[in-house]
Amino acid sequence: MIRPVLGTVAARVVITAMNLLLIIAAGQMLGAQGLGSISMLLLGVTIVLLLNHVVGGGGLVYVVPRHGVRMVLGPSYAWALVTAAVAMGLQSVAPLATEDLVVHVVALGFLQSLNSIHLNILLGRERIALQNSILVGQAVLQFAAFLLLLDLHGSSLGDYILATYVAHGATALVSGYFALQHLGPVEASEQPSAWSALFRQGGLAQGANLLQLLNYRAAYYMIEHFRGLGALGIFSVTTQLAESAWLVPKSIGGVLYSKMSNMWEAEQQRTLTLTLLKASMLVGALCSFVLVLLPEGLYTLVFGQDIRDLHPILYWMVPGLVAMSGSQVLSHYLSGTGRILHNTIGSGLGVLVTLPLGWFLTSRYGLQGAAMTASLAYTLSAIYQLLVFLRITGTQGSELLPHASDRERVRQLWARIR
13 MIRPVLGTVA ARVVITAMNL LLIIAAGQML GAQGLGSISM LLLGVTIVLL
63 LNHVVGGGGL VYVVPRHGVR MVLGPSYAWA LVTAAVAMGL QSVAPLATED
113 LVVHVVALGF LQSLNSIHLN ILLGRERIAL QNSILVGQAV LQFAAFLLLL
163 DLHGSSLGDY ILATYVAHGA TALVSGYFAL QHLGPVEASE QPSAWSALFR
213 QGGLAQGANL LQLLNYRAAY YMIEHFRGLG ALGIFSVTTQ LAESAWLVPK
263 SIGGVLYSKM SNMWEAEQQR TLTLTLLKAS MLVGALCSFV LVLLPEGLYT
313 LVFGQDIRDL HPILYWMVPG LVAMSGSQVL SHYLSGTGRI LHNTIGSGLG
363 VLVTLPLGWF LTSRYGLQGA AMTASLAYTL SAIYQLLVFL RITGTQGSEL
413 LPHASDRERV RQLWARIR
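Encoded structure:
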């Protein structure tokens, strides 16, 4: 468990660094308006992926160890095509992006759907190091391509879009090559149960993800409506910085999901989750406070003159960031043990806060109101997941507090790392 977590953390450090450098370059060359347009483009792609991930998303990690790769590959590819067509059709009813960007939203969504299928297959086969390497290569290639395109001619949003095509197209080819190496025979008797498991696990997962997306990104639409693209650009930079506090928790959660899906002993699952929950929340808290302590002038210097006054937004985000650091572990425990419905319920509780309260707070307090809403929604979701974990596992509330056995586990962990 230690080596995959460390490898995933290292990979996410590189990926986060590349993404931040990409944002810095875009902020310097395209300004807050350009960053706002990129945010809306990515939000549209995310919605396409939500549709695709009913079959081709994280549910594969749970289903692949039980039914094999060949059984799930065909339905996943077919569903990616169907969702791309549906997304294009939805544009006339519920626009995913402005008219000049919709084709790119759908095409990039399809490419990323293929990537998701391949990478989740690798994760389900516990090829974690390979998955990390591919994702690092994608991030580096996208950043390098963006810089090259900026140098070739004047800066524009099209440079970012083309760089994204290059990076995700290359990733689809490479990840597909490795994922297809895991093909095995199909047992006819397994087909009905495999299809049922795939849609059940994927459908519940996407219910949770759709609701979580509303928690994460509903503020984008509200800010764009009340304050414009420039304000959205500032908020998107703030959220990217704030969510970097989840770098380690997300790494831990991703590895935990793979382990839970391949682990059968309940007490072992409980102990591992409990230890990682404490570690994730501690690291998330430390990273959040570092972001708050960095001087305001540094952010303006790095991201451009349009990006300013981030501290008031970050202050309100800290409680939610710490709560979601724990949620990263709890949600992957619930998914990996086949209890994904509770993630959907937790996300739904967050939405009950986000939609009505977010509209009021964002209209009245702007970016700080959006940050307040996010913190409240994240915290409510995490509290629900924690209560479910305690009930299912019989864990006592006192076990959540640091104690002597944690110190011994940390000592053993450090010895193995060293």
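Reading the sequence shown from the start, the letters are residues 13 to 430 in the numbering used here.
A virtual CB, placed ideally from N, CA and C, is assigned to each residue, including glycine.
Would you mind sorting E277 into buried or exposed? The rule is 16 or more other CB atoms within 10 Å of its CB. Your numbering for residue 277 matches position 265 in the sequence shown. It is exposed - the Cβ of E277 has fewer than 16 other Cβ atoms within 10 Å.
Determine whether the beta carbon atoms of S339 and A382 lie at a separation below 8 Å. Taking the sequence shown and counting its residues from 1, one reaches residue 339 at position 327. Taking the sequence shown and counting its residues from 1, one reaches residue 382 at position 370. No, the Cβ-Cβ distance between S339 and A382 is not below 8 Å.
Please classify Q317 as buried or exposed, where buried requires at least 16 other C-beta atoms within 10 Å of its C-beta. Against the sequence shown, residue 317 aligns to sequence position 305. With fewer than 16 Cβ atoms within 10 Å of its Cβ, Q317 is classed as exposed.
Of the residues E111, T283, L142, the one placed nearest A191, counting alpha carbons only: Taking the first residue of the sequence shown as position 1, residue 191 is located at position 179. Cα-wise, what sits closest to A191 is L142.
Under a three-way DSSP split, which group does S167 fall into? Position 155 of the sequence shown, counting from 1, holds the residue named residue 167. Reduced to three states, the DSSP call for S167 is coil.
Spatial neighbours of L303 in its chain, beta-carbon cut-off 7 Å, leaving aside the 5 residues before and after: Here residue 303 corresponds to residue number 291 of the sequence shown, with the count starting at 1. Hits under 7 Å: L253, A254, A257, L326.
Which two residues bound the contiguous alpha helix (DSSP H) that contains G406? Numbered from 1 along the sequence shown, position 394 holds the residue referred to as residue 406. Neither: G406 is in no alpha helix (DSSP H) and is coded neither H nor E.
Between the C-alpha atoms of S248 and G188, what's the straight-line distance to the nearest angstrom? Numbered from its first residue, the sequence shown carries residue 248 at position 236. Numbered from its first residue, the sequence shown carries residue 188 at position 176. If you take the alpha carbons of S248 and G188, they lie about 31 Å apart.
Counting along the chain, where does the alpha helix (DSSP H) carrying G121 start and finish? Taking the sequence shown and counting its residues from 1, one reaches residue 121 at position 109. Per DSSP, G121 belongs to the alpha helix (DSSP H) from 114-136.
Integer Cβ distance of S167 from L42, believed to fall under 8 Å: Working through the sequence shown from its first residue, we reach residue 167 at position 155. Working through the sequence shown from its first residue, we reach residue 42 at position 30. That pair is a contact at about 6 Å.
Beta-carbon spacing of R403, L259 below 8 Å: Residue mapping note: residue 403 aligns to position 391 of the sequence shown, counting from 1. Residue mapping note: residue 259 aligns to position 247 of the sequence shown, counting from 1. Their beta carbons are not under 8 Å apart, which means R403 does not touch L259 by this criterion.
Are the CB atoms of L185 and D171 within a distance shorter than 8 Å? For the purposes of this step, residue 171 is identified with residue 159 of the sequence shown, where counting begins at 1. For the purposes of this step, residue 185 is identified with residue 173 of the sequence shown, where counting begins at 1. It is not a contact, given that the beta carbons lie outside the stated cut-off.
If you scan the segment 290-345 from start to end, which runs of the beta strand (DSSP E) of 3 or more residues do you find wholly inside it? none
Helix, strand or coil: which one does DSSP assign to G240? For this step, residue 240 is matched to residue 228 along the sequence shown. Correct three-state label for G240: coil.
Can you name the start and end residues of the alpha helix (DSSP H) that A92 belongs to? Residue numbering aside, residue 92 sits at position 80 when the sequence shown is read from its first letter. Residues 81-102.
Report the rounded CA-to-CA distance for Q281 versus S51, giving the unit in angstroms. For the purposes of this step, residue 281 is taken as the residue at position 269 of the sequence shown. For the purposes of this step, residue 51 is taken as the residue at position 39 of the sequence shown. Rounded to the nearest angstrom, the two C-alpha atoms are 37 Å apart.
Burial state of L313, where buried means 16 or more other Cβ atoms lie within 10 Å: Counting from 1 along the sequence shown, the entry for residue 313 is found at position 301. By the 10 Å Cβ count, L313 comes out exposed.
For I352, which three-state DSSP category applies? Reading the sequence shown from its first residue, position 340 is the one you call residue 352. Coil at I352, not helix or strand.
Just tell me which of I133, S88, S49 has its CA closest to the CA of H65. Position 53 of the sequence shown holds residue 65. Of the candidates I133, S88, S49, the one whose C-alpha sits nearest the C-alpha of H65 is S88.
Hey, I133 and A92: beta-carbon distance below 8 Å or not? Against the sequence shown, residue 133 aligns to sequence position 121. Against the sequence shown, residue 92 aligns to sequence position 80. No, the pair does not count as a contact, with Cβ atoms beyond the cut-off.
F457 burial status per 10 Å Cβ neighbour count (16 or more: buried): Given that the chain is displayed from residue 13 to residue 430, the structure contains no residue 457 and the question cannot be resolved.
Return helix, strand or coil for T251, following the three-state DSSP convention. Stepping through the sequence shown from its first residue, residue 251 is reached at position 239. T251: helix per DSSP, three-state reduction.
Is the CB-CB distance between I357 and Y396 below 8 Å? Position 345 of the sequence shown, counting from 1, holds the residue named residue 357. Position 384 of the sequence shown, counting from 1, holds the residue named residue 396. Cβ atoms of I357 and Y396: closer than 8 Å.
Any idea what DSSP makes of E111, helix, strand or coil? Working through the sequence shown from its first residue, we reach residue 111 at position 99. The answer is coil: DSSP assigns E111 none of H, G, I, E or B.
Could you tell me the alpha carbon to alpha carbon distance between V119 and A96, rounded to whole angstroms? To locate residue 119, count along the sequence shown from 1; it is residue 107. To locate residue 96, count along the sequence shown from 1; it is residue 84. Reading the sequence as shown, one finds Ala at residue 119 and not Val. Near 8 Å, if we compare the C-alpha coordinates of A96 and A119.
Distance between beta carbons of L223 and V363, contact taken as under 8 Å: On the sequence shown, residue 363 is found 351 positions in, with the first residue counted as 1. On the sequence shown, residue 223 is found 211 positions in, with the first residue counted as 1. Indeed they touch by this definition, with Cβ atoms about 5 Å apart.
Applying the 10 Å Cβ sphere with the 16-neighbour rule, what's the burial state of Q408? Translated into the one-based positions of the sequence shown, residue 408 becomes position 396. With fewer than 16 Cβ atoms within 10 Å of its Cβ, Q408 is classed as exposed.
Specify the secondary structure class of E279 as computed by DSSP and reduced to three states. The sequence position of residue 279 within the sequence shown is 267, counting from 1. If DSSP states are grouped into helix, strand and coil, E279 belongs with the helices.
Alpha-carbon spacing of S292 relative to H415, whole angstroms: Mapped onto the sequence shown, residue 292 falls at position 280. Mapped onto the sequence shown, residue 415 falls at position 403. C-alpha separation (whole angstroms): 16 Å.
Whose CA, out of V67, E111, L294, D112, lies closest to the CA of V94? Here residue 94 refers to the residue found at position 82 of the sequence shown. Among V67, E111, L294, D112, the Cα nearest to that of V94 is on V67.
Straight-line CA distance for L244 to Y233? Position 232 of the sequence shown, counting from 1, holds the residue named residue 244. Position 221 of the sequence shown, counting from 1, holds the residue named residue 233. Taking the straight line from one Cα to the other gives about 9 Å.
Helix, strand or coil, according to DSSP, for H65 in the structure here? Translated into the one-based positions of the sequence shown, residue 65 becomes position 53. If DSSP states are grouped into helix, strand and coil, H65 belongs with the helices.
I believe V84 touches G121 by the beta-carbon criterion, under 8 Å. Please report the beta-carbon distance rounded to the nearest angstrom. As a working note, residue 84 is residue 72 in the sequence shown. As a working note, residue 121 is residue 109 in the sequence shown. Not confirmed; about 20 Å, so no contact.
If you draw a straight line from the C-alpha of S3 to the C-alpha of L367, how long is it? In the structure as shown, the chain starts at 13 and stops at 430, and residue 3 therefore has no counterpart that could be examined.
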